[in-house]
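J.: Sequences listed follow chains A and B, in order.
1 is the number of the first residue of the first sequence in our numbering; add one for each residue after it.
1001 is the number of the first residue of the second sequence in our numbering; add one for each residue after it.
Handing you a structure now.
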Amino acid sequence: MARAGNRKTIRTASAPGPSKLQRWLDVLAALLSHRYPITLDRLRREVPAYQRTGNEATFNRMFERDKDEMRAFGIPIETVQSGDPPEAAYQLRAADFYLPFMELSAVGGSARRSAARRAPFTSLQTLTFSPDELSLIAQAAARVRALGDPLLAADADSALRKLAFDLPVDALARDAERDERVVADQSPASRAIFALLGQALLAHKRVSFTYHAMGADSVREREVEPYGLVFLGSHWYVAAAERGDDVVRNFRLNRMSNVAMNHAKMRTPDFVVPDDFRLAEHARSRQAWELGDQEVEEILVEVRAPTGAATAAAQLGEPVAGHPERRCFRVRRADTFARWLLGFAGDLVPVAPPDIVRKYRELALETLRQYEEGA
Amino acid sequence: MTQDAAQQLRRLLHLIPMLADGEAHSLHEVAELTGEDADDVLKDMRSLSLRYGDPGGFVPDLEIYLEATQVSMRTSHFTRPMRLTAPELCALQLGLAMLRQEQVPEEQDTADAARQRLSAALAKLPAEAPMAAPADRVRHLDFAASGDRSQLAALRRGVRERRKLRVTYRRADAVESTTRVICPYGLVASRGAWYVVAHCDDRNAIRIFRLDRVEQSELLDARFEVPASFSLDDIVHDGKVIDVDEPTTLRVRYSPRVARWIAEREHMALDADGSLTLDHPLADTAWAVRHVLQYGADAEVLEPERTRREVERRLRDIVAS
Chain A
1 MARAGNRKTI
11 RTASAPGPSK
21 LQRWLDVLAA
31 LLSHRYPITL
41 DRLRREVPAY
51 QRTGNEATFN
61 RMFERDKDEM
71 RAFGIPIETV
81 QSGDPPEAAY
91 QLRAADFYLP
101 FMELSAVGGS
111 ARRSAARRAP
121 FTSLQTLTFS
131 PDELSLIAQA
141 AARVRALGDP
151 LLAADADSAL
161 RKLAFDLPVD
171 ALARDAERDE
181 RVVADQSPAS
191 RAIFALLGQA
201 LLAHKRVSFT
211 YHAMGADSVR
221 EREVEPYGLV
231 FLGSHWYVAA
241 AERGDDVVRN
251 FRLNRMSNVA
261 MNHAKMRTPD
271 FVVPDDFRLA
281 EHARSRQAWE
291 LGDQEVEEIL
301 VEVRAPTGAA
311 TAAAQLGEPV
321 AGHPERRCFR
331 VRRADTFARW
341 LLGFAGDLVP
351 VAPPDIVRKY
361 RELALETLRQ
371 YEEGA
Chain B
1001 MTQDAAQQLR
1011 RLLHLIPMLA
1021 DGEAHSLHEV
1031 AELTGEDADD
1041 VLKDMRSLSL
1051 RYGDPGGFVP
1061 DLEIYLEATQ
1071 VSMRTSHFTR
1081 PMRLTAPELC
1091 ALQLGLAMLR
1101 QEQVPEEQDT
1111 ADAARQRLSA
1121 ALAKLPAEAP
1131 MAAPADRVRH
1141 LDFAASGDRS
1151 QLAALRRGVR
1161 ERRKLRVTYR
1171 RADAVESTTR
1181 VICPYGLVAS
1191 RGAWYVVAHC
1201 DDRNAIRIFR
1211 LDRVEQSELL
1221 DARFEVPASF
1231 SLDDIVHDGK
1241 VIDVDEPTTL
1251 RVRYSPRVAR
1261 WIAEREHMAL
1271 DADGSLTLDH
1281 PLADTAWAVR
1291 HVLQYGADAE
1301 VLEPERTRRE
1311 VERRLRDIVA
1321 S
């Protein structure tokens, strides 16, 4: 049995040191409590976990890692040269760290929090939002929450909570969710896939996965360079070029499995996104008949019955001078276009060129035969 | 930074300003506001304060009052939230950019101003810190929905202000438009289309109007109230926007050439031969005809017989024309 005198020593030695979280909070509190940059020596004296480090090299490594990680989190720790002779010192300005005061223009300049709460933060500016701007921000948060990316949703929630400290944005977000509903993917990709792709996008690292290509009904391994994440229609896609290929394709997230990122040399990008690549342009929504590499063909379509469905669809084509009942469509996949037209059940029909007219009629005949045979 | 520690730091930088306002807060409410459960809130309190034998760091300045159902805090540190981080700003800006695509030009100034205002709340990283790629370089959001943005703007305003609208609408299968007064209860975006769910005063019933078939809309001064029993959840079923009236069933067989796409969308398993037979709720024969014909001979109506006959009739007309 240990003697009483040793018990304290044993207990102290086995007790855990401050956690990483406590260390960060201590670093932040120390930096924020000074209006001027502080040296590493000073910081070490004020942060208990740094005092526990055995030697300077260990402390320096620990601080450098903490600084980088906190910056990655978004904390603006600044390195400056201070003193004579100059040495590295560190600063975290309250105005760069704390949220500015926020108010609604219609409320006459009074924020939700009392003036007394403002006292310690004299250096903070005030941002004034109009009610319409705030309402739109609440709608924006509600919108991204509904799209099925759990990380994006968590970031929107977190942002909204910060704004709600001063502004009535939480109630507006509830109204937005009550009034508008977004039907996103019914079987969304997992949080892990979103997290991994998000990380790969930022670090420009290659990603490998097993992909089910629906067109060919084939499953095979892919290794791609991810350029961006796109929510289009109701689904999430990663826009990516396969290794050794310049063509950027969309891969649907919920058709991917066994997703892995190249972890080798994480600080070195695996690829460079071409300067002229524009994600929004790449992701521009298109009809299925507009996709592909085939030559564009101009097809004339006539509105035979201006039903609601046909009239709305006709808007996708361009007007034809002298023929108000006709529209011109620019098509890459004629077969797909013929099927799309057949969906309007004769209310929209192709009139030129002859090849598409023939394809359309053959498709209608083939479909009709099915009903005649089944009768 | 480990994800756990980052998440905990994020939570605590939310929690402290909320709790250190001189008032006691219900633990349940705090948990709700932070999006955590009450146990996590208590764990965070413990992580914050537990120091064993070490010097206290910023903790000597911290007082936590924990009662059975309430919690409060006193501290002079972190009593305001942190500025927005780049991912938080990115999330809101992506949402704003998506809304902007749906707006008419005169509304877009508000979205631009909101984006600008939010940017001023971003944590200002020093020049030597690595910069994340701009939000719109790595993410893009688009409903790809058709329809006139000015009509959407009017409908959205009607929903928000609980004001009636007079709309000119052309049904999918009608060649003439009709004008009616509606009380817009809500909007739904689904599969490339916007729908307004409304009480139609003329029909005295809930009706669903597809935005790209709304030809004109006029915002009226008359107001309405949404019945407490109404919820958009009653209109959206398995991702489809369906009228509240009792639908019948449309049974369709999809050939192996197209069945896998349908099976994926509907979360169904294929039949042994690779085809798929699926029952859809059917409220509108014209919709059923359009739906199956877009697949040509790769989709066949099995039931009801009247819909089958209607598809056949339309095909005969096409072939004869």
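The beta carbon of each residue, even a glycine, is placed where N, CA and C say it ideally should be.
Since the model is a prediction, treat every value here as computed from it, not as a measurement.
Have a look at residue 1151/B and residue 275/A and give me their C-alpha separation to the nearest angstrom.
T.: In the second sequence, the residue the question calls residue 1151/B occupies position 151. In the first sequence, the residue the question calls residue 275/A occupies position 275. Distance between the alpha carbons of residue 1151/B and residue 275/A is about 37 Å.
J.: Need the endpoints of the beta strand (DSSP E) that residue 1064/B sits in, please.
T.: To locate residue 1064/B, count along the second sequence from 1; it is residue 64. Element bounds for residue 1064/B: 1063-1066.
J.: What residue from 303/A, 347/A, 298/A has the CA that sits closest to residue 354/A's CA?
T.: The residue labelled residue 354/A in the question sits at position 354 within the first sequence. For the residues 303/A, 347/A, 298/A, the minimum Cα distance to residue 354/A belongs to 298/A.
J.: Alpha helix (DSSP H) containing residue 198/A: first to last residue?
T.: Along the first sequence, one-based indexing puts residue 198/A at 198. Taken as a continuous stretch (DSSP letters only), the alpha helix (DSSP H) holding residue 198/A covers 191-203.
J.: Do you know offhand how far residue 1028/B's Cα is from residue 1079/B's?
T.: If you number the second sequence from 1, residue 1028/B lands on position 28. If you number the second sequence from 1, residue 1079/B lands on position 79. About 21 Å.
J.: Helix, strand or coil for residue 53/A? Go by DSSP, reduced to three states.
T.: Numbered from 1 along the first sequence, position 53 holds the residue referred to as residue 53/A. Residue state, collapsed to three classes: coil.
J.: Verify whether the separation of the beta carbon atoms of residue 1323/B and residue 228/A is less than 8 Å.
T.: This structure does not reach residue 1323/B, given that chain B is present from 1001 up to 1321, and the question cannot be answered.
J.: Looking at the C-beta of residue 256/A, does it have a partner C-beta in chain B at a distance below 8 Å?
T.: In the first sequence, the residue the question calls residue 256/A occupies position 256. Chain B, which has no Cβ nearer than 8 Å to the Cβ of residue 256/A, makes this no.
J.: Spell out a yes or no on whether the segment 204-215 of chain A and the segment 173-189 of chain A are touching, meaning 3 or more CB-CB pairs, one atom from each, closer than 8 Å.
T.: no
J.: Please name the residue or residues paired with residue 300/A in a DSSP beta bridge.
T.: Stepping through the first sequence from its first residue, residue 300/A is reached at position 300. Bridge partners of residue 300/A: 328/A, 352/A.
J.: In whole angstroms, give me the CA-to-CA distance for residue 44/A and residue 50/A.
T.: Mapped onto the first sequence, residue 44/A falls at position 44. Mapped onto the first sequence, residue 50/A falls at position 50. Using only the alpha carbons, I get a separation of about 5 Å.
J.: For residue 1172/B, which of 105/A, 142/A, 314/A, 96/A has the nearest alpha-carbon?
T.: By 1-based counting over the second sequence, the position of residue 1172/B is 172. Comparing Cα positions, the closest option is 314/A.
J.: Cβ closer than 7 Å: which chain B residues qualify as neighbours of residue 376/A?
T.: Residue coverage of chain A in this structure runs from 1 to 375, which leaves residue 376/A outside it and unanswerable.
J.: Once you ignore the five residues that flank residue 1022/B on each side, which residues in its own chain have a CB closer than 6 Å to its CB?
T.: Taking the first residue of the second sequence as 1, we reach residue 1022/B at position 22. Taken in chain order, the list of residues that qualify is empty.
J.: Beta-carbon separation of residue 152/A and residue 1144/B under 8 Å?
T.: Locating residue 152/A in the first sequence gives position 152, where the first residue counts as 1. Locating residue 1144/B in the second sequence gives position 144, where the first residue counts as 1. Not a contact, by the Cβ cut-off of 8 Å.
J.: Could you pull the start and end residues of the beta strand (DSSP E) that residue 129/A belongs to?
T.: Within the first sequence, the letter at position 129 stands for residue 129/A. Residue 129/A -> beta strand (DSSP E) spans 126-129.
J.: Measure the CB-CB distance between residue 185/A and residue 234/A and report whether it falls below 8 Å.
T.: Stepping through the first sequence from its first residue, residue 185/A is reached at position 185. Stepping through the first sequence from its first residue, residue 234/A is reached at position 234. Taking 8 Å as the Cβ cut-off, residue 185/A and residue 234/A qualify as a contacting pair.
J.: Taking the C-alpha atoms as reference points, what is the distance between residue 277/A and residue 1142/B?
T.: Here residue 277/A is taken as the residue at index 277 of the first sequence, counted from 1. Here residue 1142/B is taken as the residue at index 142 of the second sequence, counted from 1. Rounded to the nearest angstrom, the two C-alpha atoms are 18 Å apart.
J.: Would the segment 1293-1305 of chain B and the segment 339-355 of chain A be scored as touching if the rule is three or more Cβ pairs under 8 Å?
T.: yes
J.: Just by C-beta distance, which residues in the segment 153-174 of chain A are closer than 7 Å to chain B?
T.: 155, 156, 157, 158, 159, 161, 162, 165
J.: Compare the C-beta of residue 1275/B against all C-beta atoms of chain A and say whether one is closer than 8 Å.
T.: Translated into the one-based positions of the second sequence, residue 1275/B becomes position 275. No, residue 1275/B does not count as interfacial toward chain A.
J.: Could you check how far apart the C-beta atoms of residue 378/A and residue 1315/B are, in whole angstroms? I think they sit under 8 Å.
T.: Residue 378/A is absent from the structure shown; chain A starts at 1 and stops at 375.
J.: Spell out a yes or no on whether the segment 1191-1209 of chain B and the segment 323-330 of chain A are touching, meaning 3 or more CB-CB pairs, one atom from each, closer than 8 Å.
T.: no
J.: Determine the DSSP secondary structure at residue 20/A, reduced to helix, strand or coil.
T.: Along the first sequence, read from residue 1 onward, the residue named residue 20/A stands at position 20. Residue state, collapsed to three classes: helix.
J.: Under three-state DSSP, which class holds residue 1146/B?
T.: As a first step, residue 1146/B must be located in the second sequence, where it is residue number 146. DSSP places residue 1146/B in strand when its eight states are reduced to three.
J.: Out of 331/A, 350/A, 122/A, state which residue places its alpha-carbon closest to the alpha-carbon of residue 301/A.
T.: The sequence position of residue 301/A within the first sequence is 301, counting from 1. Nearest of 331/A, 350/A, 122/A to residue 301/A, Cα basis: 350/A.
J.: Given 8 Å as the limit, is there contact between the segment 1266-1273 of chain B and the segment 327-339 of chain A, that is, 3 or more CB pairs closer than that?
T.: no
J.: Give the straight-line distance between the Cα atoms of residue 286/A and residue 1096/B, rounded to the nearest whole angstrom.
T.: Counted from its first residue, the first sequence places residue 286/A at position 286. Counted from its first residue, the second sequence places residue 1096/B at position 96. Residue 286/A and residue 1096/B have their C-alpha atoms some 22 Å from each other.
J.: Which term fits residue 311/A, buried or exposed, when burial requires 16 or more other beta carbons within 10 angstroms of its beta carbon?
T.: Taking the first sequence and counting its residues from 1, one reaches residue 311/A at position 311. By the 10 Å Cβ count, residue 311/A comes out buried.
J.: Compute the beta-carbon to beta-carbon distance between residue 1081/B and residue 1019/B, rounded to the nearest angstrom, for a pair I have assumed lies under 8 Å.
T.: To locate residue 1081/B, count along the second sequence from 1; it is residue 81. To locate residue 1019/B, count along the second sequence from 1; it is residue 19. Between residue 1019/B and residue 1081/B the Cβ distance is about 12 Å, and since that is not below 8 Å, they are no contact.
J.: Assess, as a yes-or-no matter, whether the segment 1111-1124 of chain B is touched by the segment 1160-1180 of chain B under the definition of 3 or more beta carbon pairs within less than 8 Å.
T.: The segment 1160-1180 of chain B vs the segment 1111-1124 of chain B: no contact.
J.: Assign residue 266/A to buried or exposed, taking buried as 16 or more other Cβ atoms, counted over all protein chains shown, within 10 Å of its Cβ.
T.: Here residue 266/A refers to the residue found at position 266 of the first sequence. Exposed, by the Cβ-count rule.
J.: Would you identify the three-state DSSP class for residue 1014/B, choosing helix, strand or coil?
T.: Here residue 1014/B is taken as the residue at index 14 of the second sequence, counted from 1. Of the three classes helix, strand and coil, the one that applies to residue 1014/B here is helix, per DSSP.
J.: With 16 other CB atoms within 10 Å as the buried threshold, where does residue 122/A fall?
T.: Working through the first sequence from its first residue, we reach residue 122/A at position 122. Classification of residue 122/A: exposed, given that the 10 Å Cβ count is below 16.
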